[in-house]
Amino acid sequence: MSTERMPNPAALIPGAMEALSAVTSAIASAGVDGRLLALSHLRTGQINGCAPCVAGGVHQAQRHGVTADQVHAVVAWRETPWFSDEERAALALTEAVTRLADRPDPVPDQVWDMAATHFDHKELAALLLNIAIANAFNRLNVPTRRQAGQW
Numbered sequence: 006m007s008t009e010r011m012p013n014p015a016a017l018i019p020g021a022m023e024a025l026s027a028v029t030s031a032i033a034s035a036g037v038d039g040r041l042l043a044l045s046h047l048r049t050g051q052i053n054g055c056a057p058c059v060a061g062g063v064h065q066a067q068r069h070g071v072t073a074d075q076v077h078a079v080v081a082w083r084e085t086p087w088f089s090d091e092e093r094a095a096l097a098l099t100e101a102v103t104r105l106a107d108r109p110d111p112v113p114d115q116v117w118d119m120a121a122t123h124f125d126h127k128e129l130a131a132l133l134l135n136i137a138i139a140n141a142f143n144r145l146n147v148p149t150r151r152q153a154g155q156w
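Counting in the numbering used here, the sequence shown runs from 6 upward without gaps.
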């Protein structure tokens with residue numbers, strides 16, 4: 006286990022944590038099922054190797070009724086039977102948006118179109134903001150070596 010390099014950067018800048026929390030609250034009130042948001046948050050944390058976000062994503066998923074099978078298998082969601090088409094569309098979008106630099110067409114039409122068949126523009130906006138805020142927290146936690154369980 007690594008030693009934490011510094012406190013959470015958002016906690017050190019006045020108003021920053023409150024602003025991030027306000028975005029998170031806005032996302033939660035946008036009407037997208039909390040299960041989808043939790044799965045997306047968890048998958049983002051897994052991709053980026055963010056221990057606090059993986060741990061927090063698991064707790065968030067459990068609070069929203071995500072099954073144990075789903076929590077344990079979200080890293081392999083394509084190869085398991087426990088995800089609906091809607092959840093698969095959200096997870097595919099999550100992976101594409103989180104891995105923007107991994108391919109020339111970061112969010113291919115196939116991924117976007119599948120998400121757009123399950124979500125309207127407001128719901129897509131909430132999903133995209135959820136992915137963005139999860140990535141923001143990952144980018145604050147990973148370089149500062151924030152530890153899981155320290156909320």
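Just so it is clear, CB atoms sit at the ideal spot from N, CA and C, and this is done for glycine as well.
None of these values were measured; they are calculated from a predicted model.
Only residues of its own chain outside the window of five on either side were considered, and among them W87 have a CB closer than 7 Å to the CB of D74, listed in chain order. For the pair V63 and V76, the CB atoms are nearer than the 9 Å cut-off.
I18: not part of any alpha helix (DSSP H); DSSP gives it neither H nor E. Bounds of the alpha helix (DSSP H) holding F142 are 126 to 149.
Membership of S45 in the alpha helix (DSSP H) is indicated by the continuous run 39 to 53.
A straight line joining the alpha-carbon of L96 with that of L105 spans about 14 Å. For Q67, the uninterrupted alpha helix (DSSP H) run begins and ends at 56 to 68, by DSSP.
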